[in-house]
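Enquirer: Structure below; questions to follow.
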Amino acid sequence: MLRYAVRRLLIIPPQLLGISLVTFVIIRQVPGNPARAQLGQFASQDAVQRLATYLGLNRPLPEQFLIYLKNLLRGDLGQSWFTGHSVSSDLLVRFPSTLELITLGFLGSLIVAIPLGVLISLRGAGFFGRIAERFSFVYGLMAGAIPDFWFALILVFVFFHLLGVVAAPVGQLDLAVNPPPRITGMLVLDSLLTFNWVALLSAIGHLILPVATLVFVNAAPVLRMTRSSIANVMDSDFIRFSRANGLPDKLIIRYALKNALLPIITLSGVLYTILLSGAVLTETIFSWGGVGQYAVQSVVNADWFALQAVVLLTASFSLFVFLVLDLLYAVVDPRIKY
Amino acid sequence: MVEGQSLVEQLLSRKIERREFMRQAAILGISTPTAMAILSACGTSNAATGTTTVSYGVPALAEGLDREFYISGPALEAEGNAFEPITMWKRRPFGNGSYVPVFDTDNWDLNLLSDLSHSADGKTWTFKFKSGITSHAGNELTAQDYFYCLARHEALWTLGSFYNFVARIPRFANAYRVVDKYTITVSTDTPSPTYLRLLENNWAMGLFDGTEMKKHATADDPWSRTWCKTQGDKAGHGPYVIDVYDPSSQIVYSAFKNYHRGKPKVDKVIQKLIPSSATRSALLKAGSIDIARDLLPTELDDLSTSSGVTIDNFNTVRSQIQFLMFRNDVAPFNNVKVRQALAYAAPYKEIVQDVYRGKYASEWKGIISRDYPYFTDANWPYGDGDDVTKAKSLLSEAGYPNGFKSTLLYNADTPPSDQVAIKLQTAFDKIGVHFDLQSLASAAFTDRYTGKKFDSLLVTELALTPDIGYATYLWYQSKAFVNVMNYNSPMVDQLSEQILSTLDESVRKTAGEQLQNTVVQDSPALFLCQPHFVVARRSNIKGVTGYTSRDLRFDDLEKT
């Protein structure tokens, strides 16, 4: 398995090279010129040309790409004309915020969806099983139909505006709370590590609604997959044989769950990668200041280096998650050998 | 647990084993978030006591602090608080504790100057700066600072080039000369009344602390562009210094205690990026923020009935203007009758009533802001628009009896442009002219706008300086590079030159009115409406002023 993992890791750089080349070319075909975007309409064409030269935008495309690649190999992702900082430092600030949010959303989705899916799919679950089935049917329909940004606004309206029981959606902390010293960039973790209880309180409070939004939207597909996957396994011969031999229900459920895990793991992994870009609307509603918002801002402002870096980051994240997924298969299913 | 020591400390000092540490940490980990989540609704703060803080929700933040390169609305606001204009308009009360500027150069605030005069021929201006004014870096303001700014304009020749051009300051002609420590003279090609009024415009003629700027110059960057982009406020003389500058999240301003007009009443301003207008509205209503701007008309209406909220709807200083621009050199818009037909058919009233709720915009019926000196609507021929009969008749005369098809571009990131575009499309369909609507993201829109790659384009603009010469030069003089319509009228050019180069206000008034009448008849664009500058605030915030730049100067504010 180690050799397989190493082989997969070695494939990642050429994959990223291909992705960066395609991204580089496509971005420059989209209308929008960073020099003009920066200067606006009150600058003459001469001024725009001068700035474009200063930014290196007038060089031939292959030359620009080679310069970009050379810098990329040195870890330099370029400069954001919008923030004025290096793109790597921008992402170092923003990525942990998004990672914290989507990881909690992802874990929350699993915690809600998997037990519920198990409960619903077991035969003879009785009264509670039937209630759960009805609930999951309605919930599945709603979660598939309701846009996440709309649901987020409803949560803000009900819990913040009407009931006043949650923190204001002004970002990751209250406006008047100073952030803790930066260690990981994830405010909950940094607050814990530095024993800053005020910041911890504020950070957790501000996570409630955005995490609830992500859980609501993303738990539904996991629930459906868990339910159908377990239902299929429960119909299989070895489960019937186990029941016939009088094995206890708890043991049977354990066997069933282990065999049903593969599709659940696959879907969960894919969901996690989608969350990185899919959280953009949630980040916007809650002013999160993460990678999603950064990506949108880059598109709107023709901030090419920032946009390229976000695509590379998303691609790297996805490739890494898929590698972990493949390794997990081998852990869960001993029949799979690399 | 050993008293007086945290779990981590106990582990590090080997007073507990790893297993015990993990057990206790797990218990803490499960129970603490639950308890804290409940408690977090109370909301605690570690803000310093005794400081007045105003929190301000905005849809975008300044992308840079260098006036030579950044002129978006948010950039104007940041620069307007970090830097100081040479002169200032006086203010008068508007109502509810708010103010508006008074456009009177005979009775304005000389601010940084102890004296301002010009030569008899009107072509040499003498500035005498006050002594004892310091920058955020602690250096005293002198005439050398203004010399540095003018030299920087000349050298970089980017946004400054536009202002120097319209102010008639010739480039590379030794037009400015330091006479003594506080005195500098600036020469113009012609007498320049617009230059006088541009002194109030912080982005045209605002000052840098040249001494501080030069410290950050390098061989590759002799004008400190890199430093100025993110830290240029340190070279400002304005009422606020920027403590935290993160254009993707927030900007935090602290009052400059040595500000020459006295330390501002508000100690700290937190300008927070809140992209969603619905969220900004909810936060203001709940009192989580003190000020919100750029809200939709429906949100403003909702807030106007909320207790503790005041809406400042500045309907007497209307600098913003909304046009439907045409490419005047491309068929069918190169035909004046086509443009006039559309002007007759445009739904001016409907746009103001339906899109802006009848309150947050005014009908325009002119070509410069209604509140600027020498505005006239005396010869507006298009009435209230919606004149289908007249429009169809003109289209027939122009050779388009069955109408035609075209494209209308608008900026997807500036609501409610989409609603205005739909109103226009519906109105023009009635006369057989069909516009395909195309919405573009900001950067792409700016590209098409400035690159003149459009047939028709819906845009909201503003002329920062309330001057007939400045406002009529921008889009109507054929040489102006902001004239993306390629409108070309020798008569308008001649009148514009006249207005820009005489100090005689009666001549400027007459020429200005004639110019406006000519452009209205030519209708190079449709002059749709004037959206108001509207600010929603908590009622205990006073002092908001409706400047033409549509930004807030935080030293005007007080929190009661």
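These protein sequences, in sequence, are chains Y and P. With the working numbering, the residue at position 181 of the first sequence is 182, and numbering never jumps. With the working numbering, the residue at position 212 of the second sequence is 214, and numbering never jumps. Even for Gly, the Cβ is constructed at its ideal location relative to N, Cα and C.
1) For the candidate residues Arg95/Y, Thr195/Y, Arg29/Y and Leu314/Y, whose alpha-carbon lies nearest to that of proline 181/Y?
2) Counting only beta-carbon separations shorter than 8 Å, does arginine 540/P have a partner in chain Y?
3) Nearest CA to the CA of valine 104/P: which residue from Gln440/P, Gly82/P, Asp558/P and Tyr549/P?
4) According to DSSP, simplified to helix, strand and coil, what is serine 278/P?
5) Can you confirm whether alanine 157/P, when its beta carbon is compared against all beta carbons of chain Y, has any partner nearer than 8 Å?
6) Which residues in the same chain as serine 137/P place their Cβ atom closer than 7 Å to its Cβ, once the five residues preceding and following it in sequence are excluded?
7) What is the DSSP secondary structure of isoleucine 40/P, counted as helix, strand or coil?
8) Kindly list the residues whose CB is nearer than 6 Å to the CB of glutamate 284/Y, restricted to its own chain and excluding five residues on each side of it in sequence; keep chain order.
9) With a cut-off of 8 Å on the beta carbons, I'd call valine 319/P and valine 102/P a contact; round off their distance for me.
10) Helix, strand or coil, according to DSSP, for threonine 46/P in the structure here?
11) Whole angstroms are fine: how far does the CA of glycine 52/P sit from the CA of tyrosine 242/P?
12) Going by Cα to Cα distance, which pick from Asp553/P, Thr54/P and Leu505/P is closest to alanine 177/Y?
13) For a cutoff of 8 Å on Cβ pairs, would you count tyrosine 295/Y as touching chain P?
14) By how many angstroms is the C-alpha of methionine 207/P removed from the C-alpha of serine 57/P?
15) Do serine 278/Y and the ligand GDP come close, with the Cβ less than 7 Å from some heavy atom?
16) For glycine 45/P, would you say it is in contact with chain Y, using Cβ-to-Cβ distances shorter than 8 Å as the test?
17) Using only alpha-carbon positions, find the residue among His120/P, Lys481/P and Val486/P that is nearest to proline 492/P.
18) Using the rule of at least 16 other Cβ atoms within 10 Å of the residue's Cβ for burial, across every protein chain shown, is lysine 407/P buried or exposed?
19) Could you check what DSSP says for valine 104/P in three-state terms: helix, strand or coil?
20) Would you say methionine 38/P reaches chain Y, if we count a Cβ-Cβ gap shorter than 8 Å as a contact?
21) I want to verify the contact list: residues of chain P whose CB lies under 8 Å from the CB of serine 45/Y, in sequence order.
22) If alanine 153/P and threonine 185/P are in contact, beta carbons under 8 Å, what's the gap, nearest whole angstrom?
23) DSSP three-state call for lysine 561/P: helix, strand or coil?
24) Check serine 189/P in the structure and name its three-state DSSP category.
25) Distance cutoff 8 Å, beta carbons only. Does valine 216/Y sit that close to anything in chain P?
26) Tell me, please, which residues DSSP counts as bridged to aspartate 182/P.
27) Can you pull the chain Y neighbours of lysine 287/P, defined as C-beta to C-beta under 8 Å?
28) What residue does the beta strand (DSSP E) around lysine 92/P start on, and which one ends it?
29) Count the other CB atoms within 10 Å of the CB of isoleucine 40/P; is the residue buried (16 or more) or exposed (fewer)?
30) Beta-carbon within less than 6 Å of asparagine 98/P's beta-carbon, same chain only, minus the 5 sequence neighbours each way: which residues are those?
31) Express the C-alpha separation of aspartate 245/P and serine 47/P in angstroms, rounding to a whole number.
32) Just the Cα atoms here: how many angstroms apart are tyrosine 384/P and glutamine 324/P?
33) If you draw a straight line from the C-alpha of alanine 157/P to the C-alpha of valine 180/P, how long is it?
34) Report yes if the C-beta distance between leucine 102/Y and proline 211/Y is below 8 Å; otherwise report no.
35) Any beta carbon of chain Y sitting closer than 8 Å to that of aspartate 415/P?
36) Would DSSP call aspartate 438/P helix, strand or coil?
Expert: The structure says:
1) Thr195/Y
2) no
3) Tyr549/P
4) coil
5) no
6) Leu143, Asp211, Glu214, Ala237, Gly238 and His239
7) Reliability fails at isoleucine 40/P, whose pLDDT of 48 lies under 50, so the model's placement of it is uncertain and no value is given.
8) Gly291, Gly293 and Gln294
9) 5 Å
10) With a pLDDT of only 37 at threonine 46/P, under 50, the local geometry of the prediction cannot be trusted, and the value read off the model is given with reservation. Coil.
11) 18 Å
12) Thr54/P
13) yes
14) 29 Å
15) Summarising the ligand content, the structure contains no ligands, and the ligand GDP is consequently not present.
16) The predicted model places glycine 45/P with a pLDDT of 42, which falls under 50 and marks its position as unreliable; any figure quoted below should be read in that light. By this cut-off, glycine 45/P is an interface position.
17) Lys481/P
18) exposed
19) strand
20) Unreliable placement is indicated for methionine 38/P, whose pLDDT of 46 sits below 50; the coordinate value is still reported in the next sentence. At least one chain Y Cβ lies under 8 Å of methionine 38/P.
21) Ser163, Phe164 and Phe483
22) Not confirmed; about 17 Å, so no contact.
23) strand
24) strand
25) no
26) Thr185/P
27) His162
28) 92-97
29) For isoleucine 40/P, the pLDDT reaches just 48, beneath the cut-off of 50, and the residue's location in the model is therefore unreliable, although a value from the coordinates is still provided. Counting Cβ neighbours within 10 Å, isoleucine 40/P comes out exposed, since fewer than 16 surround it.
30) Thr312
31) Residue confidence is low: serine 47/P scores 40 on pLDDT, short of 50, so the model does not pin down where it sits. Its coordinate-derived value is still stated next. Near 19 Å, if we compare the C-alpha coordinates of aspartate 245/P and serine 47/P.
32) 16 Å
33) 18 Å
34) yes
35) yes
36) strand
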